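Going by numbering that gives the first Met the number 0, the first residue of the sequence shown is number 0, and it counts up by one from there. We put the beta carbon where it would ideally sit given N, CA and C, even for glycine. In this text the structure is predicted, and so the values were computed from the model without any measurement.
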Amino acid sequence: MEFLELLFVSAGLFAVLFYGGKIVGLVMMLWPSIWYPLPGSFFTSVGQWAVITGGSDGIGRAFALELSKKGMNVVIISRNQEKLDRAAKDIEITHGRKVKVVVADFTEDDIYQRIEKTLSSLDIGILVNNVGILPTPTPCKLLETTHLEQRIQQVINCNVKAMVKMCSIVLPGMEKRGRGCILNISSGIAKIPCPTYTLYAASKVFVEMLSQGLQAEYRSKGIIVQSVAPFGVSTAMTGYQKPDMVTLSPKEFVRTSLMYVKAGDLSHGTISHTILGWIVQAIPTWVLQTEAFQCNFMEFVKQKVDP
């Protein structure tokens, strides 16, 4: 009886500490200016330039606009010249900052020498590794992916290799100057097994593991490395879903996520996505792996993306 009593008391104490910690974390997110204070000059203090991959549209474009609003010059890198030029013009007119554009397709291999040459003379304070692609517009099982071999290569190049290469280009300068911030855009689904998004989710697990490792390696050098893991954001990748309490506009998501730059090596960027992350991780793995769940999930996403 004494053993059982000790076991139940220990389990209860663990539960109290576990959920108490989550509640404290949520309270801290409610008042980021108190718990994670950022001086008004924080972003310009780490460097004159911000580099954003996938910066011509969606979350990347929102980062470019918000960081230019905070006084930074920006380099936006993407594969579409027309979209890059529109974004650059918008930034210059709206916030009066300098903008450099680099046309590069991150699904390809031979782009980094040109990018490195463009960035070599710049005082880069912030790198946002935002570029990423889905293997298919809507979820499906791996072997049902059209042009599977090609898509595997593209996802690895764009979602995995691009982040590592951009970090390797920018980190030496940050280390030398003793300051800098790298934000690697992951996904909320990296926290769970996600059948029908298997390849994409696996690539985002890599983002989180690399970010945590780099933060451990370079924290002492004055460099912040954070993985930012949103759930729903209304972009081309999500079919421009109508924003609501869970699905945010890129502008709103970026504005709030930048408040939590000092909140640790992983952030969901918003309170609603943090709570959603708790809920998703509480779903038993066996439920996620059932055929019924996979079918219902695929149908749900298809309706949201293409109503």
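- Pairing I90 with V101 gives a Cβ-Cβ distance that is not under 8 Å.
- Secondary structure in the region 205 to 251: the beta strand (DSSP E) runs of 3 residues or longer, each lying completely within the stretch, are 222 to 227 in chain order.
- If you check the CB distance, I114 and I168 come in under 8 Å.
- C-alpha of S248 to C-alpha of T234: approximately 8 Å in a straight line.
- Put simply, the backbone Cα of I274 is about 32 Å away from that of I151.
- With contacts defined by Cβ atoms closer than 8 Å, P138 and M236 do not form a contacting pair.
- Rounded to whole angstroms, the separation of the alpha carbons of T43 and K261 is 15 Å.
- Counting only runs of at least 3 residues, the region 30 to 117 fully encloses the following beta strand (DSSP E) elements, listed from N- to C-terminal order: 48 to 52, 72 to 77 and 98 to 102.
- Excluding residues up to 5 positions away in sequence, G54, S55, R60, A63 and I75 lie with their Cβ nearer than 7 Å to the Cβ of A86 in the same chain.
- For V154, the enclosing alpha helix (DSSP H) has its first and last residue at L147 to V154.
- Fewer than three pairs of CB atoms, one per stretch, sit closer than 8 Å, so the region 242 to 258 makes no contact with the region 169 to 178.
- Contact annotation: the region 109 to 127 does not touch the region 274 to 287, with fewer than three C-beta pairs closer than 8 Å.
- Approximately 12 Å separates the beta-carbon atoms of S266 and V224; this is outside 8 Å, ruling out the contact.
- With the rule of 3 Cβ pairs closer than 8 Å, the region 146 to 166 counts as touching the region 193 to 211.
- Of the candidates S219, V130 and K190, the residue whose Cα lies closest to the Cα of I51 is V130.
- By DSSP's assignment, V127 forms a beta bridge with I51 and L182.
- Straight across, the Cα-Cα distance linking I188 with F230 is about 7 Å.
- Per DSSP, the unbroken alpha helix (DSSP H) holding H272 starts and ends at I270 to A281.
- Under the DSSP assignment, K164 falls in the alpha helix (DSSP H) whose first and last residues are A161 to R176.
- Excluding five sequence positions before and after I270, the CB atoms of its chain that fall closer than 6 Å to its own CB belong to M28, given in chain order.
- Take E207, set aside five residues on each side of it, and the residues of its chain with a beta-carbon closer than 6 Å to its own are S185, A189 and S226, in chain order.
- By the CB criterion at 8 Å, Q293 and T195 fall inside the cutoff.
- The beta carbon of D264 lies closer than 7 Å to those of S210, Q211, Q214, V224, Q225 and S226 in the same chain, with the five residues before and after it left out.
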